[in-house]
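Line by line, the protein sequences give chains A and B.
Under numbering that gives the first Met the number 0, residues 0 to 384 are what the first sequence spells out, in order.
Under numbering that gives the first Met the number 0, residues 0 to 532 are what the second sequence spells out, in order.
All C-beta atoms in this analysis are idealised placements derived from N, C-alpha and C, irrespective of residue type, glycine included.
What follows is a short report on a single structure.
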Amino acid sequence: MSVDKLKQTVLGLVAVSLFLVSGAVLAEYPLNLTEGVTPTSHKVYELHMIILYIVTVIGIAVFGVMAWSIFHHRKSKGAVAAQFHHSTAAEITWTIIPILILVGMAIPATKTLVFMEKTGDAEMTLKVTGYQWKWKYDYLDEDISFFSTLSEEDNKARQLGSGIDPTTIENYLKNVDKPVVLPVDTKIRILTTAADVIHAWWVPALGWKRDAVPGYINDNWTYIEEPGIYRGKCTELCGKDHGFMPIVVHAVSKEDYAVWVAEQKAEQEAAAANSDKTFTKDELMTKGAEIYGTQCAACHQGEGQGIEGMFPALAGSSIAIGPAVDHIKTVLNGKNLMPAFKEQLNNADLAAVITYERSKWGNYEKVTAEGNADVVQPADVEAAR
Amino acid sequence: MSEAVIHDDHDDHHDHKPTGIGRWLFSTNHKDIGTMYLVFSLIMFFIGGAMAMVIRAELFQPGMQFVDPQFFNSMTTVHALVMIFGAVMPAGVGLANWMIPMMIGAPDMAMPRMNNMSFWILPFAFTLLLSTFFMQGGAPAGGWTMYPPLVLQLGDGFPFLIFAVHFLGISSIMGAINIIATVFNMRAPGMTFMRLPLFVWTWIITAFLLIAAMPVLAGAVTMLLTDRFFGTAFFDAAGGGDPVLFQHVFWFFGHPEVYILVLPSFGIISQIIPTFARKPLFGYASMVYATASIAFLSFFVWAHHMFTVGMPLAGELFFMYATMAIAVPTGVKVFNWTATMWKGSMTFETPMLFAIGVLFMFTLGGFSGLMMGITPVDFQYHDTYFIVAHFHYVLVPGIVFGIISGVYYWMPKWTGYMYDEKLGKLHFWTSAISVNVLFFPMHFIGLAGMPRRIPDYSTQFTDWNMIISIGGFAFGLSQLILVWVVIKCIRGGEKATDEVWEGAHGLEFTLPSPPPFHSFTTPPEVTDATAHS
């Protein structure tokens, strides 16, 4: 292939790809950083655009010189090589000019960074704790606390070979069972930490991400300007289901936030009351199935079969068919890679999920054959704590 | 008289090569060992590439189609380890082995037996690493960065990962010592330091980086090992340790490692561009100083890999300024290469095409690198596909293209035959187009919010991911052309002249093609006229 022919081929390919790109604008081709909804995110976006423009201009200049040289200083055009190999003036120039550009970039960058690090005078504090693979939110001023996991619908669809088309789910992999609710126009301090491995909490619209490190508490702040739903993801590899622990922030007006806080408190009181209630087995099984799906299935799998070499099966496991108190203690305190659930779930939920595990996948027959209890009540869990 | 007879006997053995498998197993010859390094690197390039194909197949559309998330994580983790330690680093050492003795006028490397050992460690190290796929708990899946506490959750493969890294470190350090000893002691008369070809210079600096950085990595992974098996708590917060400490130690190795990978590629294109521009390298001295400054600065920027970990403001500012400072010497190098082409008389054989590819696309990776160096903006970019785009631009069209350009440049010298120029050009154009289809859209999805190291994604990223995967498959297939070209060139073709290229300078082009088994048995005399290729 001659150079000319090659050139034609390349130009042809470029034309075709341009055509494809322009035709495909109808489809979804996101391109740029979000401007976000906080003062920080606006500043970060501005800085990003400034730097992008600067490097684009430098790029056009440098690539332009290279391209000019490639097209004009070629042997086939009869170019004769000059033999210069040194120019102190040129070398000083192209050292000094970049330094000046960099200083110009460093000034706004430093200002933004200093602004972002001012975590003082917050009106409220939210503590975010990363777990494998969910988030826990503690409203430190309100005594509200809950876990937030990938919604059940998304969780079903994302299983290997689930046969569910992800495009049928709105905001696929960015839905949670319980979003974190925050008021707008409020300076909120957000603390990040983790219980097991390192995670990172990132909502792009807020303009930053921060690692959640076990043993560390990082402080950050935000000030959301507009009500809305803002979605994000864990951004530090945290094991098998790293891709499946989204974040959903509901930003609401201050009034709505107050209403939500009151509702949460009422719910938590109701849950506390459940702690010494006695449930029927049907009630426990229904609730248990739901909790199993969000809390246990990621590792022990939908049919309790586990994953060989990593996560033990629950079907026929000696713990799940043995004495109930051992089963309760394992779930409460964790074992090897399994986290301790005593902080994560209340007594009623624990009783439900343990009852569920003791009756499903042929476990019921084995439990009763060994003369162990199949039903666990909240009081049993409380006793084992 | 009898002495003379013995001497003659000795000379008779001079070109004697062992034959069969023994030639390779017990080789102490820099060319044979260089060849083994390059072949090993090519095999690893395809193993790592196959893993990348699995990643791109799974990411072709949303939903989980082929592998479970844990195996996906193993793919990203082992892809990185294989490509960095198995493909790129050995390729650099292979080229150094082949070329450094010929470029400085020496008969061989200074320590030929150690040279043999530093190569033969590699197959064992990678057997250890790859055997973890067949173990309880699977292959490493916590990222090539091996951050605790996650890496400690790995199953039976854990000690195999650690010892594989130890072996790789030992191999690299031995290779580096050998290169330094060779260049410092075996230069031909008149081959002063400031007359060394730039490839040799970049390799001396790389070798010092290796000696400084690899023991740090070895220390870090040893602490992981004792945390897991011997009850220490270096990185366990519950035991009074600090998981972030690992990141600091790891990246104190990791950032110089970036330059360990890239500097040899800089050296290669500094040989190639002057040859095909038929014009001396612009600013030889400033190239040497810029390379040394980059290497020096690389020890002060490690924390830009972990801006989001939670550092004090002063720390963030320091690492931001230090990172930005690296742009200056890097810019000098790019400007010097451009000035070398300026008013040259260029032709565009395959090595030159790949070298120009490096010049354009490494610079592009440099721009995104500069953007990421700005701490407040990096809070958005960090751990997204923007980062994946950046380091792949630097690593693939920046470094792999550099290595490939070196292979095309010196292959006629090695084999004595010209490679097939048409196929070489085809290889370049298919690679250059597909690599951009593969990596350029990653900037967009990263900015739009797609995190890295995820096996499944939200549907808004579908279209770009399909394009990226198509680019990936095309790039993977294009590399088969390279294998074809190499095999064809070894088997024969048009005879290569000693000089090989019209504009070629340097001692390696004064030797016949292919060169004798022991490159320079009598040292050549180097003068200003013959130096500065």
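Reduced DSSP secondary structure (H/G/I, E/B, other) of Thr201(B): As a position in the second sequence, residue 201(B) is number 202, starting the count at 1. In this structure, Thr201(B) counts as helix in the three-state DSSP scheme.
Beta-carbon gap between Phe353(B) and Phe400(B) smaller than 7 angstroms: Here residue 353(B) refers to the residue found at position 354 when the second sequence is read from its first residue. Here residue 400(B) refers to the residue found at position 401 when the second sequence is read from its first residue. Yes. Within cutoff.
Residues near Gly240(B) by beta carbon distance below 7 angstroms, same chain, minus five either side: Numbered from 1 along the second sequence, position 241 holds the residue referred to as residue 240(B). The residues are Ala232, Phe233 and Phe234.
Proximal residues of chain A, C-beta to C-beta of Phe166(B) below 8 angstroms: Stepping through the second sequence from its first residue, residue 166(B) is reached at position 167. For Phe166(B), none of the residues of chain A pass the 8 angstroms Cβ criterion, the least Cβ distance being about 25 angstroms.
Own chain partners of Ala121(A) with C-beta closer than 8 angstroms, once the 5 adjacent residues on each side are dropped: Along the first sequence, read from residue 1 onward, the residue named residue 121(A) stands at position 122. Taken in chain order, the residues that qualify are Lys186, Ile187, Arg188 and Trp220.
For Leu510(B), the three-state DSSP class (helix, strand or coil): Sequence index remark: in the second sequence, residue 510(B) carries index 511 (1-based). Three-state DSSP puts Leu510(B) in coil, outside helix and strand.
Contact list for Cys298(A) against chain B, beta-carbon separation under 8 angstroms: Residue 298(A) sits at position 299 when you count from the first residue of the first sequence. Here the premise fails: no neighbours, minimum Cβ distance about 10 angstroms.
Which of helix, strand or coil DSSP assigns to Leu159(A): Working through the first sequence from its first residue, we reach residue 159(A) at position 160. Coil at Leu159(A), not helix or strand.
Closer than 7 angstroms to chain B by CB, Pro377(A): Counting from one through the first sequence, the residue named residue 377(A) turns up at place 378. Not an interface residue.
Candidates Leu349(A), Cys295(A) and Ala89(A): closest to Ala270(A) by CA position: For the purposes of this step, residue 270(A) is taken as the residue at position 271 of the first sequence. For the options Leu349(A), Cys295(A) and Ala89(A), the alpha carbon positioned closest to that of Ala270(A) is the one of Leu349(A).
Whether Ser264(B) touches Gly174(B) by CB criterion (7 angstroms): Position 265 of the second sequence, counted from the first residue, corresponds to residue 264(B). Position 175 of the second sequence, counted from the first residue, corresponds to residue 174(B). Cβ atoms of Ser264(B) and Gly174(B): not closer than 7 angstroms.
CB contact below 7 angstroms: Ile98(A) versus chain B: Within the first sequence, the letter at position 99 stands for residue 98(A). For Ile98(A), the answer is yes, since a Cβ of chain B falls inside 7 angstroms of its Cβ.
Chain-ordered residues of the segment 196–212 of chain A with a beta carbon less than 8 angstroms from chain B: Val196, Ile197, Ala199, Trp201, Pro203, Gly206, Trp207, Lys208, Arg209, Asp210 and Val212
Pick from Lys110(A), Arg73(A), Lys74(A) and Ile96(A) that is closest to Leu46(A), judged by C-alpha positions: Here residue 46(A) refers to the residue found at position 47 of the first sequence. Nearest of Lys110(A), Arg73(A), Lys74(A) and Ile96(A) to Leu46(A), Cα basis: Lys110(A).
One or two residues paired with Val251(A) in a DSSP bridge: Here residue 251(A) corresponds to residue number 252 of the first sequence, with the count starting at 1. Its beta-bridge partners are Pro182(A).
Proximal chain B residues relative to Trp259(A), where beta-carbon distance stays under 7 angstroms: Looking up residue 259(A) in the first sequence gives position 260. Near Trp259(A) there are no residues of chain B at all, since even the closest Cβ is about 26 angstroms away, more than 7 angstroms.
DSSP three-state assignment for Cys233(A), whether helix, strand or coil: Taking the first residue of the first sequence as 1, we reach residue 233(A) at position 234. Strand.
Beta-carbon proximity of His426(B) to Ile489(B), cut-off 7 angstroms: By one-based count along the second sequence, residue 426(B) stands at place 427. By one-based count along the second sequence, residue 489(B) stands at place 490. Cβ atoms of His426(B) and Ile489(B): not closer than 7 angstroms.
Cβ pair Gly156(B), Leu149(B) closer than 7 angstroms: Position 157 of the second sequence holds residue 156(B). Position 150 of the second sequence holds residue 149(B). For Gly156(B) and Leu149(B), no; Cβs fall outside 7 angstroms.
Secondary structure of Asn362(A), DSSP reduced to three states: Start at 1 with the first residue of the first sequence, and residue 362(A) comes out as number 363. Helix at Asn362(A).
Three-state class that DSSP yields for Glu524(B) in the structure shown: Here residue 524(B) refers to the residue found at position 525 of the second sequence. In the structure shown, Glu524(B) sits in coil (DSSP, three-state: anything other than H, G, I, E or B).
Proximity below 7 angstroms, CB of Ser433(B) to CB of Ile271(B): On the second sequence, position 434 is the one that residue 433(B) refers to. On the second sequence, position 272 is the one that residue 271(B) refers to. Result no, Cβ atoms of Ser433(B) and Ile271(B) do not sit closer than 7 angstroms.
Distance CB(Cys237(A))-CB(Gln131(A)) smaller than 7 angstroms: In the first sequence, the residue the question calls residue 237(A) occupies position 238. In the first sequence, the residue the question calls residue 131(A) occupies position 132. Yes; because the gap between Cβ atoms is below 7 angstroms, this pair is in contact.
Among Ser68(A), Glu27(A), Met48(A) and Pro97(A), the one whose alpha carbon lies nearest that of Ile57(A): In the first sequence, the residue the question calls residue 57(A) occupies position 58. It is Pro97(A).
For Val380(A), the nearest candidate out of Ile168(A), Glu364(A), Ile353(A) and Asn362(A) (CA to CA): The sequence position of residue 380(A) within the first sequence is 381, counting from 1. Of the listed residues, the one whose Cα sits closest to Val380(A) is Ile353(A).
Leu190(A) vs Lys126(A) beta-carbon contact at 7 angstroms: Position 191 of the first sequence, counting from 1, holds the residue named residue 190(A). Position 127 of the first sequence, counting from 1, holds the residue named residue 126(A). Going by C-beta atoms, Leu190(A) is nearer than 7 angstroms to Lys126(A).
With 16 other Cβ atoms within 10 Å as the buried cut-off, status of Val247(A): Indexing the first sequence from 1 puts residue 247(A) at position 248. Here Val247(A) is buried. Its C-beta has 16 or more other C-beta atoms within 10 Å.
Per-residue burial, Gln379(B) [other beta carbons within 10 Å of its own, 16 or more giving buried]: Along the second sequence, one-based indexing puts residue 379(B) at 380. Buried is the call here.
Buried/exposed call for Tyr288(B), threshold 16 Cβ in 10 Å: Indexing the second sequence from 1 puts residue 288(B) at position 289. Classification for Tyr288(B): exposed.
Positions along the segment 279–295 of chain A whose CB lies within less than 7 angstroms of some CB in chain B: none
Contact check, Tyr291(A) vs Pro182(A), beta carbons under 7 angstroms: One-based indexing of the first sequence puts residue 291(A) at position 292. One-based indexing of the first sequence puts residue 182(A) at position 183. Not in contact: Tyr291(A) and Pro182(A) (Cβ atoms no closer than 7 angstroms).
Contact under 7 angstroms by Cβ, Thr374(B) with Met319(B): Counting from one through the second sequence, the residue named residue 374(B) turns up at place 375. Counting from one through the second sequence, the residue named residue 319(B) turns up at place 320. Their beta carbons are under 7 angstroms apart, which means Thr374(B) touches Met319(B) by this criterion.
Three-state secondary structure assigned by DSSP to Phe285(B): Indexing the second sequence from 1 puts residue 285(B) at position 286. Sequence check: residue 285(B) is Ser here, not Phe. In the three-state reduction of the DSSP assignment, Ser285(B) falls in the helix class, which pools H, G and I.
Run of the beta strand (DSSP E) containing Val127(A), from where it starts to where it stops: As a working note, residue 127(A) is residue 128 in the first sequence. Taken as a continuous stretch (DSSP letters only), the beta strand (DSSP E) holding Val127(A) covers Met123 to Tyr130.
Closest Cα partner of Gly505(B) within the set Leu197(B), Leu312(B), Asn177(B) and Trp428(B): Within the second sequence, numbered from 1, the residue matching residue 505(B) stands at position 506. For the residues Leu197(B), Leu312(B), Asn177(B) and Trp428(B), the minimum Cα distance to Gly505(B) belongs to Leu197(B).
Three-state class that DSSP yields for Ser144(B) in the structure shown: Stepping through the second sequence from its first residue, residue 144(B) is reached at position 145. The sequence given here has Thr at residue 144(B), not Ser. Correct three-state label for Thr144(B): coil.
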